[in-house]
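Undergrad: Number 168 in UniProt numbering belongs to position 168 of the sequence shown; there are no gaps in the numbering.
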Amino acid sequence: MHINVAILGSGGHAKVVIDALLAANQQARISVYDDNPCRVGESLLQKFIVSCTPTDTFTEQYYHIAVGHNKTRASLAGRYAGRDKLFMSIIHPDASVSSFAVLADGVLVAANAVIAAESNVAQGTIINHGAVVDHECEIGEFSHVAPNVTLGGGVVIGARSIVGAGAVVLPGIKLGCDVTVGAGAVVTRDINDGQVVKGIPARCFQ
1 MHINVAILGS GGHAKVVIDA LLAANQQARI SVYDDNPCRV GESLLQKFIV SCTPTDTFTE
61 QYYHIAVGHN KTRASLAGRY AGRDKLFMSI IHPDASVSSF AVLADGVLVA ANAVIAAESN
121 VAQGTIINHG AVVDHECEIG EFSHVAPNVT LGGGVVIGAR SIVGAGAVVL PGIKLGCDVT
181 VGAGAVVTRD INDGQVVKGI PARCFQ
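1) Hey, could you find the ends of the alpha helix (DSSP H) Lys71 is sitting in?
2) Comparing C-alpha positions only, which one of Val197, Val155 and Val196 sits nearest to His135?
3) When DSSP labels each residue in this structure, what does Leu22 get in the three-state scheme?
4) Can Ile157 and Leu175 be called in contact, C-beta distance under 8 Å?
5) Within 10 angstroms of the Cβ of Gln123, are there 16 or more other Cβ atoms? Answer buried if so, exposed if not.
6) Look at the alpha carbon of Leu170 and the alpha carbon of Asn4, and state the distance between them as a whole number of angstroms.
7) Determine whether the beta carbon atoms of His64 and Gly106 lie at a separation below 8 Å.
8) Taking Cβ positions, are Ile162 and Ser143 nearer each other than 8 Å?
9) Tell me whether Val17 sits in a helix, a strand or coil according to DSSP, three-state version.
10) Provide the residue(s) that pair with Thr150 in DSSP beta bridges, ordered along the chain.
11) Along the chain, where does the beta strand (DSSP E) containing Ile49 start, and where does it finish?
12) So, do the segment 107 to 118 and the segment 32 to 47 have three or more beta carbon pairs nearer to each other than 8 Å?
13) Can you grab the Cα-Cα spacing for the pair Tyr80 / Gly166, in whole Å?
14) Would you kindly work out how many angstroms separate the C-alpha atoms of Leu151 and Ala77, rounded to a whole number?
15) At which residues does the beta strand (DSSP E) containing Asp190 begin and terminate?
16) Tell me where the beta strand (DSSP E) around Lys198 begins and ends.
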């Protein structure tokens, strides 16, 4: 299916996004934009030339925000909200997403990720390579579940939180908004808004 897609961002995460999009739809026509003038004119994946993000809007019907930083992704989404554009979710064909799961707009599900039945993933969230989101999880908007994370059943994660690579969150645990879970941590208790936790078991460092 021929669709025109604007990819906003040209860093490493954008490469993952483009790879997933082309794996899902080889006929997608992709334009890459970035606010950083130092990026403009660069080649991405030896195929795409980065253009300056338009000050008003872009011509493509679909767009995806390919920026790893949660708050920046949320800010960019706010810039384009309400315009006549579609905030596109991208699911790599090697991911497993239950037909009973719900994904909002602008979500990335990378290769080998699993999203189980009755989980809900809010807009602009990243479910990265090999992450497991078990049944009935709730993932808040513009969060990031990093590579090889395991979320047990019924985990709740607030907006703009990040669960670092390889971390484990036990079933039923609730993480607040703007939480950071360090790589490899094991979260065994609820975590309040804005806290930074790491270690086994995870302990608060902020």
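Even for Gly, the Cβ is constructed at its ideal location relative to N, Cα and C. Remember, it's a predicted structure, so these values are computed and weren't measured experimentally.
TA: With the structure as the only source:
1) Position 71 of the sequence shown, counted from the start, is the residue given in the question as residue 71. Counting along the chain, the alpha helix (DSSP H) containing Lys71 begins and ends at Asn70 to Tyr80.
2) To locate residue 135, count along the sequence shown from 1; it is residue 135. Taking only the C-alpha atoms, the option nearest His135 is Val155.
3) For the purposes of this step, residue 22 is identified with residue 22 of the sequence shown, where counting begins at 1. Of the three classes helix, strand and coil, the one that applies to Leu22 here is helix, per DSSP.
4) In the sequence shown, the residue the question calls residue 157 occupies position 157. In the sequence shown, the residue the question calls residue 175 occupies position 175. In contact: Ile157 and Leu175 (Cβ atoms closer than 8 Å).
5) Here residue 123 refers to the residue found at position 123 of the sequence shown. It counts as buried.
6) Counted from its first residue, the sequence shown places residue 170 at position 170. Counted from its first residue, the sequence shown places residue 4 at position 4. Rounded to whole angstroms, Leu170 to Asn4 spans 40 Å at the Cα level.
7) Stepping through the sequence shown from its first residue, residue 64 is reached at position 64. Stepping through the sequence shown from its first residue, residue 106 is reached at position 106. For His64 and Gly106, yes; Cβs fall inside 8 Å.
8) Looking up residue 162 in the sequence shown gives position 162. Looking up residue 143 in the sequence shown gives position 143. Yes.
9) As a position in the sequence shown, residue 17 is number 17, starting the count at 1. Three-state DSSP puts Val17 in a helix.
10) Translated into the one-based positions of the sequence shown, residue 150 becomes position 150. Its beta-bridge partners are Val132 and Val168.
11) Mapped onto the sequence shown, residue 49 falls at position 49. From DSSP, the beta strand (DSSP E) with Ile49 extends over Phe48 to Cys52.
12) no
13) Counting from 1 along the sequence shown, the entry for residue 80 is found at position 80. Counting from 1 along the sequence shown, the entry for residue 166 is found at position 166. Rounded to whole angstroms, Tyr80 to Gly166 spans 33 Å at the Cα level.
14) Within the sequence shown, the letter at position 151 stands for residue 151. Within the sequence shown, the letter at position 77 stands for residue 77. Rounded to the nearest angstrom, the two C-alpha atoms are 26 Å apart.
15) Walking along the sequence shown from the start, residue 190 turns up at place 190. No beta strand (DSSP E) holds Asp190; DSSP gives it neither H nor E.
16) Within the sequence shown, the letter at position 198 stands for residue 198. Residues Val196 to Lys198.
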